[in-house]
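Residue numbers (the UniProt record's numbering): 1 to 391. Presented below is the structure to which this report refers.
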């Protein structure tokens, strides 16, 4: 089959396409406050990491050297977060029908692994120096440590709001329409219905959580260096440097475990933990709807932070009204931030013929699959909103 459209980018020079892509990414970054702050802090963090590394080598301070390497790794994590914040705004397509919003989960997981590696690196170096404490020039250490602490305070101030509040207002697009097909002697139609709207562009909570943890770990590193510098200068305790580094490594590892756990649960398609206690109540309400016999094969998972997707199959009576059941199922799950739900109704063959003859279900997507051994399945696909994904 000859394609109806062609990709004009194929015939454009590579340099022109790259230039346009870079300009597009820059526009996306500077259009969003969190992404813009992330880029500016990345530049500041990278600059100061070189300063810390230079003074750490000069003063022979493990705390300062480890903190500088930590900041370099943080820059990698910040860069991953920045890239993910851009990718999540890419439009959905035929291959990524949900869009790229899950990039935030992947970025959070990668940042968590980065932080664990940093904690392991700091701990191993601290143990080695605790066995043989080196001579540290603490008189040059204090000023640089305080400057690093101030840089990290800037980062905490810039990202604490994004860490605490991941979601914002909504906007979206509406799509609708219908068309007919024939399959196995039965007709079915498709359409969309939209009732809720969500702006996922501000829903980068896992990205911001990973970034915030990086900055928090940097701040702890700076505090550790300051404390060790004071102890060495006041009491001459050279072992204070590796001990403070051990303490920092433990705090970093503990702070990142929750992020890694949440990311793994989402990537493993676990039912959202926040819905564990409310879903049984919703099932009970759905089972009490007129014409519903039972609920079968419920599936609920997390698309990205606080955006859930669900699918349930309902066994219904032959005289049940599919429009009534689907609309009330929508209302029952509407308060749980489940923005896409697929409802499948199983009915006898005779009722399917009655539906088709009377034209019911025309505003709802319907697909028919005839099984000679059992009963016909009448599927109603209902979308709370497609506008929660970039279109």
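We put the CB at the ideal spot given by N, CA and C, even for glycine. Note that the structure is predicted; figures quoted are calculated from it, not measured.
Residue i classed as buried or exposed, judged by whether at least 16 other C-beta atoms fall within 10 angstroms
{"i": "residue 257", "result": "exposed"}
{"i": "residue 264", "result": "exposed"}
{"i": "residue 34", "result": "buried"}
{"i": "residue 268", "result": "exposed"}
{"i": "residue 261", "result": "exposed"}
{"i": "residue 26", "result": "exposed"}
{"i": "residue 56", "result": "buried"}
{"i": "residue 254", "result": "exposed"}
{"i": "residue 234", "result": "exposed"}
{"i": "residue 399", "result": "The displayed coordinates of the chain run from 1 to 391. Any statement about residue 399 would go beyond what the structure contains."}
{"i": "residue 20", "result": "exposed"}
{"i": "residue 54", "result": "exposed"}
{"i": "residue 153", "result": "exposed"}
{"i": "residue 297", "result": "exposed"}
{"i": "residue 273", "result": "exposed"}
{"i": "residue 58", "result": "exposed"}
{"i": "residue 68", "result": "buried"}
{"i": "residue 122", "result": "buried"}
{"i": "residue 165", "result": "With a pLDDT of 41 at residue 165, under the threshold of 50, the modelled position of that residue is not reliable, and no figure is offered here."}
{"i": "residue 202", "result": "Low per-residue confidence applies at residue 202: pLDDT is 41, beneath 50, and the placement is therefore not dependable enough to give any value."}
Alpha-carbon to alpha-carbon, residue j and residue i
{"i": "residue 393", "j": "residue 101", "result": "This structure leaves residue 393 out entirely; the chain is present only between 1 and 391."}
{"i": "residue 252", "j": "residue 281", "result": "39 Å"}
{"i": "residue 195", "j": "residue 321", "result": "Low per-residue confidence applies at residue 195: pLDDT is 35, beneath 50, and the placement is therefore not dependable enough to give any value."}
{"i": "residue 13", "j": "residue 127", "result": "55 Å"}
{"i": "residue 87", "j": "residue 105", "result": "12 Å"}
{"i": "residue 219", "j": "residue 341", "result": "43 Å"}
{"i": "residue 92", "j": "residue 144", "result": "46 Å"}
{"i": "residue 329", "j": "residue 278", "result": "14 Å"}
{"i": "residue 97", "j": "residue 310", "result": "16 Å"}
{"i": "residue 117", "j": "residue 284", "result": "46 Å"}
{"i": "residue 288", "j": "residue 89", "result": "40 Å"}
{"i": "residue 133", "j": "residue 237", "result": "10 Å"}
{"i": "residue 78", "j": "residue 103", "result": "14 Å"}
{"i": "residue 43", "j": "residue 302", "result": "33 Å"}
{"i": "residue 16", "j": "residue 24", "result": "12 Å"}
{"i": "residue 334", "j": "residue 270", "result": "20 Å"}
{"i": "residue 110", "j": "residue 286", "result": "39 Å"}
{"i": "residue 47", "j": "residue 266", "result": "35 Å"}
{"i": "residue 232", "j": "residue 224", "result": "12 Å"}
{"i": "residue 323", "j": "residue 293", "result": "16 Å"}
Residue closest to residue i, alpha-carbon to alpha-carbon, out of the options
{"i": "residue 61", "options": "25, 31, 240 and 76", "result": "240"}
{"i": "residue 45", "options": "341, 332 and 222", "result": "222"}
{"i": "residue 400", "options": "318, 276, 285 and 293", "result": "This structure gives no information on residue 400, because the portion of the chain shown stretches from 1 to 391."}
{"i": "residue 319", "options": "295, 302, 291 and 231", "result": "291"}
{"i": "residue 228", "options": "246, 68 and 71", "result": "246"}
{"i": "residue 312", "options": "47, 295 and 301", "result": "295"}
{"i": "residue 130", "options": "242, 285 and 271", "result": "242"}
{"i": "residue 22", "options": "109, 303, 41 and 83", "result": "83"}
{"i": "residue 75", "options": "316, 41 and 125", "result": "41"}
{"i": "residue 72", "options": "236, 50, 297 and 142", "result": "50"}
{"i": "residue 142", "options": "230, 302 and 78", "result": "230"}
{"i": "residue 125", "options": "266, 271, 293 and 244", "result": "244"}
Rounded Cβ spacing between residue i and residue j (contact assumed at less than 8 Å)
{"i": "residue 210", "j": "residue 99", "result": "Incorrect: roughly 20 Å between the Cβ atoms, too far for contact."}
{"i": "residue 314", "j": "residue 345", "result": "5 Å"}
{"i": "residue 81", "j": "residue 107", "result": "5 Å"}
{"i": "residue 213", "j": "residue 150", "result": "With a Cβ gap of about 19 Å, residue 213 and residue 150 do not count as contacting."}
{"i": "residue 226", "j": "residue 146", "result": "6 Å"}
Within 7 Å, strictly: CB atoms of residue i and residue j
{"i": "residue 119", "j": "residue 31", "result": "no"}
{"i": "residue 18", "j": "residue 29", "result": "no"}
{"i": "residue 207", "j": "residue 156", "result": "no"}
{"i": "residue 308", "j": "residue 332", "result": "no"}
{"i": "residue 37", "j": "residue 158", "result": "yes"}
{"i": "residue 316", "j": "residue 343", "result": "no"}
{"i": "residue 205", "j": "residue 305", "result": "yes"}
Any non-hydrogen atom of the ligand FAD within 6 Å of residue i CB
{"i": "residue 253", "result": "Of ligands this structure carries none, so the ligand FAD is not represented either."}
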